[in-house]
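Here the numbering used here is used: the first residue of the sequence shown is -19, the next is one more, and so on. A virtual CB, placed ideally from N, CA and C, is assigned to each residue, including glycine. Notes follow the structure.
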Amino acid sequence: MVGHPFYTPEHLAYRAVLDQFVAKEVTPFAHEWDEAEEFPRELYVKMGDLGMLGAGFPEEVGGIGTDAFLRVIIHQALARGGSGGVSAGLISSYISMPVVLHHGTDQQKKILPEVLSGASIAALAVTEPSGGSDVAGLRTTARRDGDNFVVNGAKTFITSGMRANWFTVAVRTGGAGRGGISVLLVPGDSPGLARTPLKKMGWWSSDTATLYFDDCVVPVANLIGVENDGWAAIMGNFNFERLDLIAQSLAFAQLCIDESITYARTRETFGRPLIGNQVIKHKIVDMSRRVNSCQAWMEMLAWRLNQGESPAGEIAQCKVEATTAFELCAREAVQIFGGAGYLRGAVVERLYREVRVQAIGGGSEEILRDLAAKQLGL
């Protein structure tokens, strides 16, 4: 990245530190943690010590600043560890805490330093069993009872759902549609809150849960922002969440390329290295072409976010391009590995299982195409 128009020497130095951290603390254990279906709790604190939980948050609350390129650097460095589960579990604060930062009271914001340091874990709870992307149709209710809300309903597919100390929860406090939605800050030990772990196709090392609210009592003081005006607060972080997912997807895709090149150079078939076959070279070139073009697009979008723009339609398009590029690279990598790529323990096998969730989280490919079409006036 010498002479790169977007990354400063400070960016590159920070990236080098993070790469060393991930190579030591994540990569050697990715398969072990996947099989165990968890990673060590202390990894959050180690991340916090390096500021890896604090991009997008100002220094006064324990963050490292709001530069979008810091987010790209952090998410791509973590993804190079080769485990989507570890990445997803460690960064659930990135989707849960911005609502507190931008709309919370001073008292609510006091939890930010403990979350950004890794001392506490935070999760976002919006998706429900009755509907995924249809946020406006959510059914979990919060009824006022004196100085408390009484919450009833369920949330599912909640990343860090079993470990989280804090939940940012979307609830219905008013009528149907967007206008009746509020956001609550719910402590993990609230009476009436129960959690059930979920088994998944990929992301085995991250905990994912369904949350059940059965007359769960939450103080009115934990209302984030204005009652019945939570829709905008929830939607406000999607540009950055999708940028994070784009960065992850492209780093995972590049890892598929790197693994393929290494394997193809050492694997011999018919008396010569696999890399000597033109068809293998062309596969790798096509993989690289997709990743490089989308990386450049993503970096331009990150620059525009830093300028205060909100190119939601282009970010939606870029996420679709990034996840489809990741899917291509994962498929071709497993194909290059052959039978070895179908065995558990191979990085490309794990990434092949994990590619689908990248195309669903933060807005499915179908929803994002609709969003992009609207932005184009179609």
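How many angstroms separate the CA atom of residue i from the CA atom of residue j?
{"i": "leucine 191", "j": "serine 170", "result": "12 Å"}
{"i": "asparagine 286", "j": "alanine -4", "result": "22 Å"}
{"i": "arginine 123", "j": "glycine 111", "result": "21 Å"}
{"i": "arginine 252", "j": "valine 314", "result": "20 Å"}
{"i": "isoleucine 347", "j": "arginine 336", "result": "15 Å"}
{"i": "alanine 305", "j": "phenylalanine 193", "result": "39 Å"}
{"i": "glycine 160", "j": "histidine 82", "result": "20 Å"}
{"i": "glutamate 329", "j": "aspartate 224", "result": "23 Å"}
{"i": "threonine 148", "j": "threonine 176", "result": "18 Å"}
{"i": "serine 268", "j": "tryptophan 277", "result": "14 Å"}
{"i": "lysine 261", "j": "proline -15", "result": "30 Å"}
{"i": "arginine 324", "j": "arginine 245", "result": "21 Å"}
{"i": "glycine 321", "j": "leucine 331", "result": "10 Å"}
{"i": "asparagine 219", "j": "leucine 358", "result": "21 Å"}
{"i": "serine 76", "j": "glycine 256", "result": "48 Å"}
{"i": "alanine 189", "j": "threonine 136", "result": "6 Å"}
{"i": "alanine 156", "j": "proline 291", "result": "29 Å"}
{"i": "phenylalanine 1", "j": "threonine 153", "result": "44 Å"}
{"i": "glycine 133", "j": "leucine 165", "result": "16 Å"}
{"i": "proline 109", "j": "isoleucine 237", "result": "36 Å"}
{"i": "phenylalanine 9", "j": "glutamine 88", "result": "35 Å"}
{"i": "arginine 349", "j": "cysteine 298", "result": "10 Å"}
{"i": "serine 344", "j": "tryptophan 146", "result": "26 Å"}
{"i": "valine 271", "j": "phenylalanine 250", "result": "31 Å"}
{"i": "arginine 311", "j": "arginine 158", "result": "39 Å"}
{"i": "histidine 11", "j": "asparagine 208", "result": "44 Å"}
{"i": "arginine 284", "j": "glycine 342", "result": "20 Å"}
{"i": "alanine 48", "j": "glycine 293", "result": "17 Å"}
{"i": "proline 78", "j": "leucine 178", "result": "26 Å"}
Do residue j and residue i come within 7 Å of each other at the CB atom, strictly closer than that value?
{"i": "isoleucine 204", "j": "glycine 84", "result": "yes"}
{"i": "alanine 359", "j": "alanine 103", "result": "What the structure shows of the chain is the stretch from -19 to 358, and residue 359 is not part of that stretch, so it cannot be assessed."}
{"i": "serine 186", "j": "alanine 68", "result": "yes"}
{"i": "phenylalanine 19", "j": "valine 95", "result": "no"}
{"i": "isoleucine 295", "j": "arginine 222", "result": "yes"}
{"i": "alanine 105", "j": "valine 163", "result": "no"}
{"i": "histidine 55", "j": "glutamine 228", "result": "yes"}
{"i": "valine 25", "j": "glycine 98", "result": "yes"}
{"i": "glutamine 275", "j": "leucine 308", "result": "no"}
{"i": "threonine 120", "j": "valine 151", "result": "yes"}
{"i": "aspartate 17", "j": "tryptophan 183", "result": "Contrary to the premise, residue 17 reads as glutamate rather than aspartate in this sequence. Cβ distance not < 7 Å, so glutamate 17 and tryptophan 183 don't count as in contact."}
{"i": "serine 73", "j": "leucine 33", "result": "yes"}
Quick one, which of the options has its alpha-carbon nearest residue i's?
{"i": "glycine 141", "options": "Ile71, Asn128 and Met181", "result": "Ile71"}
{"i": "isoleucine 44", "options": "Gln56, Ala57, Gly28 and Leu58", "result": "Gly28"}
{"i": "valine 300", "options": "Arg252, Ile260 and Leu351", "result": "Leu351"}
{"i": "phenylalanine 317", "options": "Ile264, Asn272 and Gly341", "result": "Ile264"}
{"i": "asparagine 217", "options": "Val52, Val80, Ile53 and Pro(-15)", "result": "Val80"}
{"i": "alanine 57", "options": "Lys354, Ala339, Leu92 and His(-9)", "result": "His(-9)"}
{"i": "tyrosine -13", "options": "Arg270, Val52, Asp(-1) and Glu329", "result": "Val52"}
{"i": "glutamate 15", "options": "Asp127, Val149, Tyr74 and Met181", "result": "Met181"}
{"i": "serine 100", "options": "Phe1, Val131 and Arg21", "result": "Arg21"}
{"i": "alanine -7", "options": "Tyr322, Leu323 and Leu30", "result": "Leu30"}
{"i": "leucine 173", "options": "Cys196, Leu165 and Gly157", "result": "Cys196"}
{"i": "alanine 233", "options": "Lys26, Asp114, Asn219 and Asp266", "result": "Asp266"}
{"i": "proline 167", "options": "Ala227, Arg349, Arg245 and Pro199", "result": "Pro199"}
{"i": "serine 63", "options": "Pro38, Thr7 and Arg349", "result": "Thr7"}
{"i": "leucine 50", "options": "Arg152, Leu92, Ala282 and Trp13", "result": "Ala282"}
{"i": "lysine 319", "options": "Arg247, Arg152, Val130 and Ala150", "result": "In the sequence on display, residue 319 carries glycine and not lysine. When only C-alpha atoms are compared, the closest one is Arg247."}
{"i": "leucine 92", "options": "Glu39, Pro(-11) and Glu334", "result": "Glu39"}
{"i": "tryptophan 211", "options": "Thr249, Leu254 and Val115", "result": "Val115"}
{"i": "threonine 242", "options": "Asp209, Met280, Glu279 and Ala326", "result": "Ala326"}
{"i": "aspartate 86", "options": "Trp13, Val41 and Arg284", "result": "Val41"}
{"i": "isoleucine 340", "options": "Gly293, Ile226, Asp47 and Phe129", "result": "Ile226"}
{"i": "leucine 235", "options": "Gly61, Gly342, Trp13 and Arg333", "result": "Gly61"}
Drop a sphere of 10 angstroms on the beta-carbon of residue i, count the other beta-carbons inside from all chains shown, and report buried for 16 or more, exposed for fewer.
{"i": "lysine 90", "result": "exposed"}
{"i": "leucine 356", "result": "exposed"}
{"i": "serine 240", "result": "buried"}
{"i": "glutamate 289", "result": "exposed"}
{"i": "lysine 354", "result": "exposed"}
{"i": "methionine 215", "result": "exposed"}
{"i": "leucine -2", "result": "buried"}
{"i": "asparagine 202", "result": "buried"}
{"i": "serine 273", "result": "exposed"}
{"i": "alanine 3", "result": "exposed"}
{"i": "glycine 126", "result": "exposed"}
{"i": "valine 259", "result": "exposed"}
{"i": "proline -11", "result": "exposed"}
{"i": "glycine 117", "result": "exposed"}
{"i": "glutamate 334", "result": "buried"}
Please go through the stretch 303 to 344 and give each complete beta strand (DSSP E) segment of 3 or more residues, from N-terminal end onward. Complete beta strand (DSSP E) runs here, min 3: none at all.
Uninterrupted alpha helix (DSSP H) stretches inside the stretch -5 to 21 (no shorter than 4 residues): Runs found: 10 to 16.
At 4 residues or longer, what runs of the alpha helix (DSSP H) sit wholly inside the stretch 74 to 158? With a minimum length of 4 residues, the continuous alpha helix (DSSP H) runs that stay inside the stretch 74 to 158 are 78 to 83 and 92 to 96.
Just list the alpha helix (DSSP H) runs in the stretch 32 to 82, keeping only unbroken ones of 4 residues or longer that don't cross its boundaries, in chain order. 48 to 59, 64 to 70 and 73 to 76
Just list the beta strand (DSSP E) runs in the stretch 170 to 233, keeping only unbroken ones of 3 residues or longer that don't cross its boundaries, in chain order. 173 to 177 and 188 to 199
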